[in-house]
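J.: Below: one structure in structure tokens.
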Amino acid sequence: NGAGKSTLVKILAGVQPADAGQMFVNGQPVIFPAPIDAMAAGIATVFQDPALIPHLTVAENLRLSDIDAARFKEWLAWFDLGDLDLSALVRELPLDTKRMVDLTRAVARDPHVLLLDEITAALTADQAERVFALLTHWKGLGRSAVLITHRLAEVMRVCDRATILRDGRNVALLETGSVNEHQLVEAMLGAPVQPVTQDNRSNGRTSQGQIAFEVRGLTSRHLVADVSFTVRSGEILGVVALEGQGQERLFELLSGDRQPTAGEILVGEKPRRFHSVYDAVREGVVLVPGDRLLALLPSLSVRQNLAVPIFNQLRRWLGIPTNEPQRVANAIGRLSIDTRAASQVRRLSGGNQQKVVIGRWLVAGFRTLLCFDPTRGIDIQTKREIYALLRELAANGAAILLYTSELAEIPLVCDRVIVLHAGRIVDEQAAATATESSLLTAAHGLEVAV
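Now the structure itself:
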């Protein structure tokens, strides 16, 4: 995280100028003053965050991009997205569909080189398989691709070579056929990585307290059905679900972004009705969204983003202490972000941006956190740091609900785990005894053997 991968992609795509050095296309030196120059040279890029205009339709985005509609539809069908409504507003599309539209738009340009920055981080397993099929097809056409990913299994599966960046420098160029994943990790970090374990899951944790957050019979049409659970102070409750099983809608209901058709939410054992996200925040219930850009003010500094929750009005409502400068300074040190506090947060890497989102609640002292896939697209070391932040918040009495698509990590970070299938809770397991097999079995709606 923060090694310079996304910055490198921006240089290659003509978004950001290089200070020194040269680029060559087909052996000829090139300079890309703007993205259109890179496109003209046959380079198409899918950036880490969707590059679509959210308030326009898919079709309008295509027209602005000067993409041939017929070719675009052909590739949509290739990606099993032939039924996508091109008149749909981009902002209404799920994140995975936005990513696939971005990819389809890039491929429809018929480039010679594809630059893919964390393309699979927000995709379903089936969508990722289509990306892998595309890369195989692309190589068969004699064309090239650069794949940035933290998922090392993907590197070993589809890449011929792997180049490792650390602190903005190329520290290794490896043939994937002659190395294993552990060697890639050591090259990334400069040292063997210490895995998250059950032992360090419990380090520094306090005993669990009173029920801080409770849901009774929460329902939202056909997406969430009669969901009930409790989260205690000092507890991390994990949520496991396959894609499209109601987890996204559940978090929208809990954070006030959507209204339930039935059921109730209790905060501190008192019923509360959230008509908006604003209402939830006033009750100390905050969301760490899967799309970190939704939670950041990109043109403001790290310090200003951390201080957002403790502006005067919120401080009066929630009784938060007024020693803002010291609390923010402490959080900056605790987050280990490799940047000056005055830097604009948009200039940070994705992992450091996510640390700012979570670190904000270290500053503010909110009591209930709803974390939706907070480590998606983030490297191993930063995942450990983010999980350590969550454990620290829990140790200080916060109640945390955590959904992650990284199934193997749920039992290592959480105290209990609930499993969603078709919008219903179908199982609950203690993290200490849960296994990937038992969680995956329940997530498919099958009975778990005792």
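Numbering (the working numbering), first residue to last: 31 to 480.
Glycine residues also receive a C-beta, built at the ideal position from the N, C-alpha and C atoms.
1) Taking the alpha-carbon positions, what's the residue 478 to residue 468 distance?
2) Where DSSP assigns a beta bridge to residue 147, which residues make up the other side?
3) Output yes if chain D places a C-beta closer than 8 Å to the C-beta of residue 390; else output no.
4) Below 8 Å CB to CB, which residues in the same chain sit around residue 89 once its five sequence neighbours on both sides are set aside?
5) Among the candidates 194, 270, 177 and 195, whose CA atom is the shortest distance from the CA of residue 187?
6) May I have the straight-line CA-CA distance separating residue 466 from residue 63, to the nearest angstrom?
7) Mapping DSSP to helix, strand and coil, what is residue 58?
8) Specify, as a first and last residue, the run of the alpha helix (DSSP H) that residue 243 falls within.
9) Compute the distance between the beta-carbons of residue 161 and residue 153, then report whether it is under 8 Å.
10) Under a three-way DSSP split, which group does residue 360 fall into?
11) Within the region 392-420, note down every full beta strand (DSSP E) run reaching 3 residues or more, in order along the chain.
12) Could you say which of 412, 441 and 393 lies nearest to residue 426 if we only look at CA atoms?
13) Quick check: the region 284-302 against the region 320-333, are there 3 or more CB pairs under 8 Å?
14) Between the C-alpha atoms of residue 207 and residue 214, what's the straight-line distance to the nearest angstrom?
15) Starting from residue 80, follow the beta strand (DSSP E) in both directions and report where the run begins and ends.
16) Take residue 179 and list the residues in its own chain whose beta-carbon comes closer than 7 Å to its own, dropping the five residues that flank it on each side.
17) In three-state terms, what does DSSP make of residue 260?
18) In this structure, how does DSSP classify residue 301 when only helix, strand and coil are distinguished?
19) Going by Cα to Cα distance, which pick from 41, 453, 61 and 385 is closest to residue 270?
20) Note down the Cα distance separating residue 318 from residue 407, rounded to an integer number of angstroms.
21) By Cβ distance below 7 Å, which residues in the same chain neighbour residue 242 in space, the five residues on each side in sequence not counted?
22) Please determine, among 121, 137, 155 and 280, the residue with the shortest C-alpha to C-alpha distance to residue 167.
23) Can you give the Cα-Cα distance for residue 280 and residue 254, rounded to whole angstroms?
24) Measuring alpha carbon to alpha carbon, tell me which of 79, 296, 422 and 360 ends up nearest residue 240.
25) Inspect the beta-carbon positions of residue 266 and residue 420 and report whether they are closer than 8 Å.
26) Alpha helix (DSSP H) containing residue 161: first to last residue?
27) With residue 99 as the anchor, note down where its alpha helix (DSSP H) starts and where it stops.
28) Ignore the nearest five residues each way along the sequence and tell me which others in residue 195's own chain have a CB closer than 8 Å to its CB.
29) In three-state terms, what does DSSP make of residue 367?
30) Whole angstroms are fine: how far does the CA of residue 414 sit from the CA of residue 366?
31) CB-CB under 7 Å to residue 43, same chain, minus the five flanking residues each way: which ones, in chain order?
32) By DSSP's criteria, residue 53 is part of a beta bridge. Which residues make up the other side?
33) How far does the beta strand (DSSP E) with residue 458 in it extend, from its first residue to its last?
34) On the three-state DSSP scale, how would you describe residue 191?
35) So the beta strand (DSSP E) residue 210 belongs to, where does it begin and stop?
36) Between residue 302 and residue 308, what straight-line distance do the alpha-carbon atoms span, to the nearest angstrom?
T.: Inspection of the coordinates gives the following:
1) Distance between the alpha carbons of residue 478 and residue 468: 6 Å.
2) 178
3) Reference to chain D is not applicable here, since this structure consists of a single protein chain.
4) 99, 116 and 117
5) 177
6) 48 Å
7) strand
8) First-last for residue 243: 241-250, but that is the beta strand (DSSP E), not the alpha helix (DSSP H).
9) With contacts defined as CB atoms closer than 8 Å, residue 161 and residue 153 qualify as a contacting pair.
10) helix
11) 398-402
12) 393
13) no
14) 12 Å
15) Element bounds for residue 80: n/a, residue is neither H nor E.
16) Result list for residue 179: 148, 150 and 185, in chain order.
17) In the three-state DSSP reduction, residue 260 falls in the strand class (E or B).
18) strand
19) Minimum Cα distance to residue 270 is reached at 453.
20) 15 Å
21) 261, 262, 263, 298, 397, 398 and 429
22) In terms of Cα proximity to residue 167, the closest of 121, 137, 155 and 280 is 137.
23) Distance between the alpha carbons of residue 280 and residue 254: 7 Å.
24) Checking every option, the nearest Cα to that of residue 240 belongs to 296.
25) Residue 420 sits close to residue 266, with the two beta carbons spaced by under 8 Å.
26) For residue 161, the enclosing alpha helix (DSSP H) covers residues 155-170.
27) 99-108
28) 33, 34, 35, 38 and 201
29) coil
30) 12 Å
31) 65, 68, 73, 75 and 145
32) In DSSP, residue 53 forms a bridge with 60.
33) 454-460
34) strand
35) It is not in any beta strand (DSSP E) - residue 210 carries neither H nor E in the DSSP assignment.
36) In a straight line, the C-alpha of residue 302 is about 13 Å away from that of residue 308.
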